[in-house]
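Trainee: What follows is a structure written as structure tokens; I'll ask about it next.
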Amino acid sequence: MTTRVRFAPSPTGSLHLGSARTALFNWLFARAVGGEFLVRIEDTDAERSRPELVTMVFDTLEWLGLDWDNRGEELRQSERADIYRQAVGRLLEENKAYACDCLRSDVDARNAEANRPPGYDGFCRERDLPVGEDTVVRFATPDTGTVAFDDVIRGTVSFECSNLEDFVIARSDGSVTFLIANAIDDAAMGITHVVRGEDLLNTTPKAVLLRRAMGIEDQPVFAHLPLIVGEGRKKLSKRRDDVAVENYRQAGYLPEAMVNYLALLGWGPNDGIEVRPVGEIIEQFTLEGINPAPAAFDPKKLAHVNAEKVRALSPEEFLDAAEPYLAQGPWNADDFDRDVFLALAGEVQSRVKTLAEVPSMVDFLFLDQPEMDEASVAKALTGNEAAPALLDGAIAAFADIEWTAEALHAATLALGEANGLKLGKAQAPIRVAVTGRTVGPPLFEALALLGRSATIDRLQRARALTGG
Ligand code: GLU
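All the letters of the sequence shown, read from the start, carry residue numbers 2 to 469 under our numbering.
See the structure below:
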């Protein structure tokens, strides 16, 4: 039997990290065992599901490189209402489900009076109401016993049936709920392994009962992925944390970095080598290797993985990847000089954490005047006693030396010695004067590219800032 897994997003917003991790683990598992990875769109919530959000989900999956095997033929729940309705009809006929017209307030009042915990009390079970506009349909759960299933990550999970209320499977407008559509479709698609977030663990006993009631003999293997927690070990929140994968894409993260990092949220390779090509992750990936403990999302580690992936790009790949960010640089498009950028590209590549940082590493080369970073100015110029002498010295020394990185380096070294300073301290005011920042690509190569007159002009402007 072919191993078959699915990613089943409800398209109610852009794809967030948790969903992307679910998609990835399904994909990794399918690719590792030579199975199929399918996509199903759970768009039964007509009000919140929007077609453009489906496109966005596909687009993000594609960007991540998570190719799916039913491309163009994704099952969409919004097109299957009749199938679900028939299934509900059969359950009603077989007395495995019943119509109910209770108001929540009535249920609450009955429970309070009988001193029972909240939840549906089975009031309509024997009433044999016809299904109508004012009724929902509830599934009759067993009153006693347990329902158990095997979870690859958590072992055997079992629930007391007495804790499972008779849950709603169809609403009064005839539409069905998530639970039954989900169970029907997993069976219809021949899903062998249900790999999804721990937040759905509580719904699994209901799915197991529904499948049995509908005469589906085989149960899939379940694997409930650990929760992803953010700062303070709190569940990732859409408001507090940056959770949209799309935002990371915009911010200059590489898809291979996202995939590599997300793979580490709950799983780790046996050899401990965390940053590696996805092919190696597939080779090592197993569901059994997933840790049930909550996985901590650490944006710093993600940035670190990204920096490593950026460094691993070939020069051509780096240029291609940086291109869209360079196209948005703060300079006039006409002032951008590709050859100048190319001359520094390797240095830039080894210094950025994200592609979005690329323009700010080289903008001073293509702008009339650099954007002066306040903190850098305070540190290296206005708040630096040595700055006036160093700038005066540089203006004088740079006026007639040979304009090469080597000569500029030697002249700055000499200037430092004359002032009792090491090279790093001696070049700091020069760097901020010319680039606007304390960090950036190697200074003397940059000055050589910028040219003598622009360099001296900027040194003079900075000198005016330092006063004295
Ligand atoms: N549609 C559900 C969600 O987006 C996932 C259902 C499942 O994986 O079983 O949360």
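Glycine included, each C-beta is placed from N, C-alpha and C at the ideal position.
Roughly how many angstroms separate the alpha carbons of G90 and A100, rounded to a whole number?
Mentor: Straight-line Cα distance between these residues: approximately 11 Å.
Trainee: Let me confirm a value: L130 is counted as buried when at least 16 other C-beta atoms fall within 10 Å, else exposed. Which label applies?
Mentor: exposed
Trainee: Measure the alpha-carbon distance for D151 versus T145 and round it to whole angstroms.
Mentor: 20 Å
Trainee: Does the stretch 284 to 302 come within contact of the stretch 387 to 406, defined as at least 3 CB pairs closer than 8 Å?
Mentor: no
Trainee: With distances taken Cα to Cα, identify the nearest neighbour of G452 among P118, V195, I402.
Mentor: I402
Trainee: Considering only heavy atoms of the ligand GLU, does any lie closer than 8 Å to the CB of A9?
Mentor: Inclusion of A9 in the 8 Å shell around the ligand GLU follows from its C-beta lying nearer than that to a non-hydrogen atom of the ligand.
Trainee: Contact check, L92 vs A184 under 8 Å by CB: the rounded distance?
Mentor: Incorrect: roughly 11 Å between the Cβ atoms, too far for contact.
Trainee: Going by DSSP, which residues form a beta bridge with Y121?
Mentor: BP columns for Y121 are empty, so no partner.
Trainee: Answer yes or no: do V40 and H194 have a C-beta to C-beta separation smaller than 9 Å?
Mentor: no
Trainee: Given a cut-off of 9 Å, decide if L228 and P295 are closer than it, judged by their beta-carbon atoms.
Mentor: yes
Trainee: By alpha-carbon positions, which one of A328, L343, D336 ends up nearest to E317?
Mentor: L343
Trainee: In the DSSP assignment, the alpha helix (DSSP H) including F298 goes from what residue to what residue?
Mentor: Unbroken run through F298: none, as it is neither H nor E.
Trainee: So is A405 buried or exposed if we call it buried at 16+ other beta carbons inside 10 Å?
Mentor: A quick correction: the sequence has Thr, not Ala, at residue 405. Label assigned to T405: exposed.
Trainee: Taking C-beta to C-beta, are N261 and V276 nearer than 9 Å?
Mentor: yes
Trainee: Is the shortest distance between the beta-carbon of V435 and the beta-carbons of chain D less than 9 Å?
Mentor: The structure shown has no chain D; it contains just one protein chain.
Trainee: So within the stretch 328 to 391, which uninterrupted alpha helix (DSSP H) runs reach at least 4 residues, ignoring any that extend past its ends?
Mentor: 339 to 350, 359 to 367, 375 to 378
Trainee: Which of the three DSSP states is assigned to G90 in this structure?
Mentor: helix
Trainee: Report the option in R432, S454, R438, V378 whose CA atom is closest to the CA atom of G1.
Mentor: In the structure displayed, the chain extends from 2 to 469; residue 1 sits before or after that span and is not available.
Trainee: Among E281, S351, L320, I396, whose alpha-carbon lies nearest the alpha-carbon of H305?
Mentor: Taking only the C-alpha atoms, the option nearest H305 is S351.
Trainee: Helix, strand or coil: which one does DSSP assign to V132?
Mentor: coil
Trainee: Do I42 and A9 have their CB atoms nearer than 9 Å?
Mentor: yes
Trainee: Buried or exposed for N27, please, with buried defined as at least 16 other CB atoms from any protein chain shown within 10 angstroms of its CB.
Mentor: N27 sits buried, since 16 or more C-beta atoms from the chains shown fall within 10 Å of its C-beta.
Trainee: Figure out for me which residue from G384, R438, P430, F140 has the closest Cα to the Cα of L165.
Mentor: F140
Trainee: Heavy atom of the ligand GLU less than 8 Å from the Cβ of V195, yes or no?
Mentor: yes
Trainee: Using a Cβ distance threshold of 8 Å, determine whether the stretch 122 to 137 contacts the stretch 230 to 249, with at least three qualifying pairs required.
Mentor: no
Trainee: Could you round the C-beta distance between L237 and E199 to whole angstroms and report it? I think they count as a contact, below 8 Å.
Mentor: With 8 Å as the limit, L237 and E199 do not qualify as a contact, their Cβ atoms being about 12 Å apart.
Trainee: Quick check on E161: does DSSP put it in helix, strand or coil?
Mentor: strand
Trainee: What does the alpha-carbon distance come out to for the pair D122 and T136?
Mentor: 16 Å
Trainee: Got a sec? Which residues, its chain only, sit under 6 Å from R197 by beta carbon, not counting five neighbours each side?
Mentor: T23
Trainee: Cα-Cα, which of G253, L303, M259 is closest to L320?
Mentor: Nearest option by C-alpha distance: G253.
Trainee: Got a sec? Which residues, its chain only, sit under 7 Å from G19 by beta carbon, not counting five neighbours each side?
Mentor: G198, I229, L237
Trainee: Under 8 Å: do the stretch 425 to 432 and the stretch 345 to 364 share three or more Cβ pairs, one atom per stretch?
Mentor: No, because fewer than three Cβ pairs between the stretch 425 to 432 and the stretch 345 to 364 fall closer than 8 Å, the two stretches do not touch.
Trainee: Would you mind working out which of D272, L303, E232 sits nearest M259, comparing C-alpha positions?
Mentor: Selected option, being the one with the closest Cα: L303.
Trainee: Start and end of the beta strand (DSSP E) containing R459?
Mentor: Where R459 is concerned, there is no enclosing beta strand (DSSP E), although the alpha helix (DSSP H) it sits in stretches over 453 to 467.
Trainee: Can you tell which of Q251, L409, D70 has its C-alpha closest to the C-alpha of T4?
Mentor: D70
Trainee: With DSSP collapsed to three states, give me the class of Y254.
Mentor: When DSSP states are grouped into helix, strand and coil, Y254 belongs to the coil group.
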